[in-house]
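When the letters of the sequence shown are read in order and numbered with mature numbering (1 follows the signal peptide of the UniProt record, and there is no 0), they come out as residues -26 to -1, 1 to 159. Positions of the beta carbon are idealized from the N, C-alpha and C atoms, including for glycine.
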Amino acid sequence: MKTWMKTTLAASLIAITGVGATAALARGGDCDGFGPHGGKAGWHRGAPEDMQKRMAERAELRLARLELALALTPQQQPAWSAFKSTLAGQAERTSAEWAKRAQQEAPKTAPERLQRAEELGKLRQAELAETRKAVESFYATLSDAQKKVFDADFGGRGPGGKGGHYGGPRGDGPRDGGKRGVERG
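Right, dumping it as structure tokens:
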């Protein structure tokens, strides 16, 4: 095959692939079920009910792991149940709030967005206060060894005990300039 034919064929193949990828991205990344998340670009494209179900399953799994790690005694079970029901109630209220906000029109102006953020912040503060009270009540029933496990696995930490968004307590996120906690000194 002549060189100019190979070059033309390669250029055509690249152009067709580029057009196909551009068309897929223009459709929002929908690849007829073959893309990430079943053809959806991300969680935000899924139905709110599906997201609520996934979040509930994940929360149940994390609480089940925590319960196993704590090795609770029968005397501690009532406090654990109360703690768990508080978290479950919060999750239900949060998902209802998300569903309500999904039905509302997004704020268009900066003051409206700030007002909405302020409202969400107040709701989050109320949730944190309720969570703190539930944790304090449950925490009082734990032994010293159980408290260490609970401290390592609960409260402001992401999967695997790592910091949450933007690094959390470890400080390895964008706010820290990408430095790890040990590198900061």
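DSSP, reduced to helix, strand and coil, places residue 45 outside both helices and strands of the structure shown, so it counts as coil. Per DSSP, residue 55 is one residue of the alpha helix (DSSP H) stretching across 51 to 77.
Short of 8 angstroms from the beta carbon of residue 61, and not among the five residues preceding or following it, lie these beta carbons of its own chain, in chain order: 33, 37, 105, 108. In chain order, 53, 56, 57 place their CB closer than 8 angstroms to the CB of residue 111, counting only its own chain and leaving out the 5 sequence neighbours on each side.
Judged by DSSP in its simplified three-state form, residue 82 adopts coil rather than helix or strand.
With contacts defined by Cβ atoms closer than 9 angstroms, residue 39 and residue 127 form a contacting pair. In the assembly as shown, residue 44 is a buried residue. Its beta-carbon has 16 or more other beta-carbons within 10 Å. Within the model, the alpha-carbon separation for residue 81 versus residue 99 is close to 22 angstroms. If you check the CB distance, residue 69 and residue 30 come in under 9 angstroms. One Cα belongs to residue 90, the other to residue 28, and the distance between them is close to 25 angstroms. Positions of the beta strand (DSSP E) runs, each at least 3 residues long and wholly inside the region 95 to 124, cannot be given because no such run exists.
A distance of 9 angstroms or more separates the beta carbons of residue 26 and residue 84.
With contacts defined by Cβ atoms closer than 9 angstroms, residue 64 and residue 115 do not form a contacting pair. The shortest C-alpha to C-alpha distance from residue 76 to any of -13, 41, 23 is the one to 23.
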